[in-house]
Every structure is written in C-alpha cells, then in structure tokens.
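Chemist: I'd like to ask some things about the structure below.
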Amino acid sequence: MTVTETELEEQTEIKSREKWFYGWTMLPLAMLAMFASSPGQTFGVSIFNESIRTSLNLTHSQLALAYTLGTVLGAIPISFIGLQMDRRGIRAVMLFALTAFSGACFVLASAGNWFLLLLAFMLLRMLGPGTLAFLSSNILAFWFQRRLGSVESIRQLSTSASFAIVPIINVWLLNVAGWRVAYVVWGVGLWVILFPLFFRYFRNSPEDLGQTVDHGITPPADSPHAIQANLPELTLPQALRTPAFYVLSAGTALFAMILTSLTFHLVPILADQGLGEKEAAVTFLTSAIVMAASQILGGYCADRLNAPLLIFIGLMGLSGTMLSFQFCSSLLMDQVAGGLMGFSQGFYFSSTQPLWVRFFGRKHLGKIRGMVMSLMVGSSSLGPLLSGVGRDLSDSFTPVLIVFMILPIPVALCSFLVQQPLATQEPTVA
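Numbering-wise, the working numbering comes out as the position in the sequence shown, counting from 1, plus 3.
Quick look at the structure:
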C-alpha cells in the first residue's frame with residue numbers, strides 16, 4: 004500500500020504538532036535576559052550611588068551628570084543593534100551582548116575617575132536596558148501570535164521580580180564586599196551562568212526547528228488580532244507614517260522618563276512630605292507586588308481588547324500615579340502611590356508589548372523597536388535631570404509632579420486615533 008503525498012504531509016504535520024513547542028523553552032530564556040540587564044538598570048545602579056560618589060570624591064551633580072550623559076550616549080547605538088538583530092538574528096546579538104555586558108561590569112568595577120565612570124555608565128546603559136532588555140522584549144514575538152499577550156505578561160514578571168530581588172542582592176553585596184567587588188560578581192556570574200545556557204538552547208525562530216509560530220495554531224475568528232496574520236510586513240519608513248507608531252512611542256518614552264525620574268528621586272520626594280527611606284522601601288515592594296499582578300492582567304487583556312483602550316488605561320494610570328505622589332504624607336498613601344506605580348507600569352508594558360509585532364510584523368521588528376528603544380533610553384536620561392533642576396528652582400518636587408501628571412493625558416486621548424496599520428504592498432516585477 005502506497006502513501007500518497009497528501010497523507011505524508013498530514014502525517015508530518017501531526018508529528019510536528021506532537022513535538023514540544025520550543026516557544027515554551029524560549030520563554031524562560033527571555034525572562035533570564037531581562038533579569039540579566041538589572042546591573043545596568045536604574046534600580047540596580049542606585050543602591051551603589053552613594054558609595055561610588057564618595058569613593059571617587061564626586062559631588063552629587065557630578066555623579067548625576069555622569070549617569071545622564073552615559074545614558075544619552077548609550078542610547079545612540081541602539082538602532083544599529085536593532086538592525087543587526089534583523090540581519091544576524093537575535094541569538095548572535097544576544098551572545099555578543101552577554102559577553103560585552105559582563106565586560107561593562109568590569110569597567111565599572113575598575114573605574115577610578117569621572118571619565119571612566121562615564122564610560123562605564125554608557126556601556127552598562129547601552130548593553131543592559133538598551134540591548135539585553137530590548138532583545139528580551141522581542142524574543143517571544145517570533146514564537147507566539149495567538150497567545151502573545153499572555154506569554155508576554157509572564158515574561159514581564161521577570162521585571163517585577165528583578166525590581167524586588169536585585170536591590171536586596173546589591174545591598175548584601177555592598178555590605179559584604181563593596182561596590183567594586185559587587186560588579187565583579189555580577190560580571191562573572193552573568194557570563195558563567197547565562198552564556199553557556201543561551202549558547203546551548205537559544206534559537207532565533209520556530210523555523211530553525213521546523214516548527215511554526217504558535218505551533219501552527221491560528222487565532223480564533225473573533226479575536227481582535229485574528230486578521231493580522233495576513234497583513235504584509237511594515238518597514239521602518241512605513242511604520243513612521245502611521246499614528247500607531249507615534250502614540251506607542253510617545254507613551255513608552257513618557258513611562259521611561261517619568262518613572263526613571265520617580266525612581267531616582269523617590270527618597271527626597273517622600274522626604275519633602277515627612278517620610279523616609281523605610282517608606283521608600285515599602286513603595287518599591289508594594290509596586291513590585293502590584294506590578295506582577297497587573298502584568299498578568301495586561302497580558303490577558305492584550306489578547307482580548309483592542310489597542311486604544313489598552314494604551315488609554317496604562318497612560319491614565321501613569322497620570323494617576325503622579326497625582327498620588329503629591330499626597331504621600333502617610334504610609335497608607337505611600338502604599339497607594341506605590342500600587343498605582345506598579346499597576347500602570349505593569350499593565351501598560353505587558354498589554355502594549357504585543358502590539359509592536361501585531362501592528363508592524365516580524366521582518367523589520369528589530370529596526371523599528373531599536374529606534375523606539377533609543378528614544379526610551381534617551382528619555383529616561385532626561386527625567387532625573389529635569390526633576391532635579393525643577394526641584395532646585397522651586398524648592399519642591401510638586402511642580403514637577405504636576406507637569407508629569409499632565410503629560411500622559413493628551414497622549415492617552417490620542418490613543419483612540421490608533422488603528423491597525425496597513426502596509427503598502429511592494430510592486431511586483433514581471
């Protein structure tokens with residue numbers, strides 16, 4: 004009895020579906036990549052700020068200037084990194100980034116003056132939040148479509164976990180060995196543990212293993228994202244002609260600028276209202292707990308609700324956060340403000356992250372997201388500086404908080420102008 008070609012194809016498809024879908028292996032790797040960026044994140048560096056400043060005999064303004072300039076300079080090459088992701092694949096860029104980021108930890112550990120500190124901050128910001136976190140945010144888009152929102156919300160849990168765990172680790176390392184040894188430990192630990200793991204198990208896409216996105220499962224017909232699988236891929240110039248790109252980019256940049264500023268200046272913001280470092284720690288803990296829950300909620304909503312509502316909720320939550328921090332005169336209000344901060348950040352990023360691939364496709368995702376990440380890292384550098392200047396001029400953080408409360412509102416209203424972008428088909432050559 005001969006097997007027809009059709010029957011053979013059906014058997015092959017069944018066998019493929021029975022295999023373990025490798026996207027579920029890529030999920031924890033994406034989470035580890037996000038965690039690995041922590042030594043270059045603001046919450047990872049801030050614990051060591053005072054020790055670094057006194058060790059190098061710097062003023063507060065000199066330390067802040069090094070961090071701000073390092074962040075700005077570190078944002079410049081990110082678009083190039085995104086382009087390399089498109090050309091060479093995420094795996095090659097990820098392995099390079101892990102090695103280079105470990106080296107950046109050694110640069111900071113050996114910094115003996117302001118200029119080396121500037122170089123170290125530039126490398127840490129470029130390779131940590133600028134590259135490792137950027138690559139982490141793009142990994143799952145190559146493996147999932149139907150459940151992308153849900154799996155992205157799981158990946159985002161690594162952010163809240165890092166936010167809660169890494170400062171504790173850094174405090175312990177600082178007390179036991181000092182900031183220089185702490186960064187040596189981070190540099191060695193990240194490379195020794197993660198590089199072999201990623202080298203062995205990381206894959207660029209399901210096609211590398213003979214699999215397909217979502218393991219060949221198509222979205223249900225009533226899904227808000229069901230039609231997107233048939234849309235053409237958008238290039239960066241095409242994406243720049245869509246309202247969706249600007250609304251998403253503006254929202255992301257605002258979150259980066261405002262929340263980085265809030266994190267950097269949280270202790271003096273609370274001190275102006277009679278609270279101290281203990282309450283600041285409670286703020287971070289409350290924020291991390293609520294963030295974890297809101298990330299799950301945001302991912303669930305991303306697979307079921309349309310984009311404008313998701314963007315609106317996240318940005319209005321950011322505005323509410325800035326309002327609440329103007330009234331932190333008690334521990335209860337401090338917890339409310341911390342909860343709103345965690346909710347807005349967790350919901351916005353977990354619900355809007357899937358929109359990039361759903362709106363613009365996978366082919367040019369690195370270049371598109373690279374440009375956005377440059378904007379995000381650059382804007383995050385401006386937040387602490389603008390807030391510090393505002394505090395010096397007005398002798399209070401309240402005017403800054405009011406401005407930050409107002410800024411997200413017009414972008415939130417513009418979210419209702421967002422529609423599914425349609426790419427222009429490239430002409431066919433006969």
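Just so it is clear, CB atoms sit at the ideal spot from N, CA and C, and this is done for glycine as well.
Treat the numbers as computed from the prediction; the structure is a model and nothing was measured.
#1: Please state whether the Cβ-Cβ distance between Gly181 and Phe124 is less than 8 Å.
#2: On the CB-based measure, 16 or more other CB atoms within 10 Å of its CB, does Thr62 come out buried or exposed?
#3: Cα-Cα, which of Glu155, Ala136 and Ile81 is closest to Gly302?
#4: In three-state DSSP terms, what is Tyr25?
#5: From the DSSP output, in three-state form, read off Gly323 for me.
#6: If I measure Cβ to Cβ from Ala444 and keep anything under 7 Å in the same chain, skipping five residues before and after, which residues do I get?
#7: State buried or exposed for Thr57, treating a residue as buried only when at least 16 other CB atoms are found within 10 Å of its CB.
#8: With respect to the alpha helix (DSSP H) encompassing Phe124, which residues constitute its N-terminal and C-terminal limits?
#9: Please look up how many angstroms separate the CB atoms of Lys370 and Leu239, rounded, as I've assumed it's under 8 Å.
#10: Would you kindly report the start and end of the unbroken alpha helix (DSSP H) that includes Ser161?
#11: Can Met34 and Ser113 be called in contact, C-beta distance under 8 Å?
#12: Just the C-alpha distance for Phe419 and Met88, rounded to the nearest angstrom, thanks.
#13: Which of helix, strand or coil does DSSP assign to Gln231?
#14: How would you call Ala415, buried or exposed, if buried means at least 16 neighbouring beta carbons within 10 angstroms?
#15: So for Glu435, helix, strand or coil by DSSP?
#16: For Gln159, is the classification buried or exposed, using 16 other Cβ atoms within 10 angstroms of its Cβ as the cut-off for buried?
#17: Can you look up Arg90 in the DSSP assignment and give me helix, strand or coil?
#18: Tell me, please, whether the stretch 340-352 touches the stretch 316-331 by the rule of three or more beta-carbon pairs shorter than 8 Å.
#19: Beta-carbon separation of Phe328 and Ser49 under 8 Å?
#20: Answer with buried or exposed for Tyr186, where buried requires no fewer than 16 other C-beta atoms within 10 angstroms of its C-beta.
#21: Could you pull out every residue in the same chain whose Cβ sits closer than 6 Å to the Cβ of Val403, ignoring the five residues on either side in sequence?
#22: Which same chain residues, not among the five before or five after Phe248, have their C-beta less than 6 Å away from its C-beta?
#23: What three-state label does DSSP hand Thr355 in the structure shown?
#24: Mind checking whether Phe147 and Asp217 have CB atoms under 8 Å apart?
#25: In three-state terms, what does DSSP make of Gln423?
#26: What does the alpha-carbon distance come out to for the pair Thr324 and Leu343?
#27: Starting from the C-beta of Leu326, find all residues in its chain whose C-beta is less than 6 Å away, skip the five residues before and the five after it, and write them out in chain order.
#28: By Cβ distance below 8 Å, which residues in the same chain neighbour Phe400 in space, the five residues on each side in sequence not counted?
Modeler: The answer reads as follows:
#1: Indexing the sequence shown from 1 puts residue 181 at position 178. Indexing the sequence shown from 1 puts residue 124 at position 121. Not in contact: Gly181 and Phe124 (Cβ atoms no closer than 8 Å).
#2: Stepping through the sequence shown from its first residue, residue 62 is reached at position 59. It is exposed - the Cβ of Thr62 has fewer than 16 other Cβ atoms within 10 Å.
#3: Position 299 of the sequence shown holds residue 302. For Gly302, the nearest C-alpha among the options comes from Glu155.
#4: Residue numbering aside, residue 25 sits at position 22 when the sequence shown is read from its first letter. Note: Tyr25 maps to coil in three-state DSSP.
#5: Residue numbering aside, residue 323 sits at position 320 when the sequence shown is read from its first letter. Correct three-state label for Gly323: helix.
#6: Absent from the model: residue 444. The displayed extent of the chain is 4 to 433, so no value can be given.
#7: Here residue 57 refers to the residue found at position 54 when the sequence shown is read from its first residue. The residue in question, Thr57, is exposed, as its Cβ has fewer than 16 Cβ neighbours within 10 Å.
#8: If you number the sequence shown from 1, residue 124 lands on position 121. Residues Trp117 to Leu130.
#9: Here residue 370 refers to the residue found at position 367 of the sequence shown. Here residue 239 refers to the residue found at position 236 of the sequence shown. At roughly 5 Å, the Cβ-Cβ gap stays under 8 Å, so Lys370 and Leu239 are in contact.
#10: Translated into the one-based positions of the sequence shown, residue 161 becomes position 158. Here the alpha helix (DSSP H) through Ser161 covers Leu151 to Ala180.
#11: Working through the sequence shown from its first residue, we reach residue 34 at position 31. Working through the sequence shown from its first residue, we reach residue 113 at position 110. No, they are not a contact pair.
#12: Translated into the one-based positions of the sequence shown, residue 419 becomes position 416. Translated into the one-based positions of the sequence shown, residue 88 becomes position 85. Answer to the nearest angstrom: the Cα atoms are 31 Å apart.
#13: Within the sequence shown, residue 231 is the residue found at index 228, counting from 1. Annotation note: pLDDT 49 at Gln231 (below 50); position unreliable, no value reported.
#14: In the sequence shown, residue 415 corresponds to position 412, counting from 1. It counts as buried.
#15: It is not possible to answer for residue 435, since the shown part of the chain is limited to 4 through 433.
#16: The residue labelled residue 159 in the question sits at position 156 within the sequence shown. Gln159 is buried by the Cβ-count criterion.
#17: By 1-based counting over the sequence shown, the position of residue 90 is 87. In the structure shown, Arg90 sits in a helix (DSSP, three-state: H, G or I).
#18: yes
#19: As a position in the sequence shown, residue 328 is number 325, starting the count at 1. As a position in the sequence shown, residue 49 is number 46, starting the count at 1. Contact: no.
#20: As a first step, residue 186 must be located in the sequence shown, where it is residue number 183. Flag for Tyr186 reads buried.
#21: In the sequence shown, counting from the first residue as 1, residue 403 sits at position 400. Cβ neighbours of Val403 beyond the five flanking positions: Ser390 and Gly393.
#22: Counting from one through the sequence shown, the residue named residue 248 turns up at place 245. Result list for Phe248: Ala242, in chain order.
#23: Here residue 355 refers to the residue found at position 352 of the sequence shown. Here Thr355 sits in helix by DSSP.
#24: Within the sequence shown, the letter at position 144 stands for residue 147. Within the sequence shown, the letter at position 214 stands for residue 217. Yes. Within cutoff.
#25: Here residue 423 refers to the residue found at position 420 when the sequence shown is read from its first residue. It is coil, neither helix nor strand.
#26: Numbered from 1 along the sequence shown, position 321 holds the residue referred to as residue 324. Numbered from 1 along the sequence shown, position 340 holds the residue referred to as residue 343. Cα to Cα, the separation comes out at about 5 Å.
#27: Reading the sequence shown from its first residue, position 323 is the one you call residue 326. The answer, listed in chain order, is Met408.
#28: Walking along the sequence shown from the start, residue 400 turns up at place 397. Answer for Phe400: His268, Pro271, Ile272, Asp275, Ser390, Gly393 and Arg394, listed in chain order.
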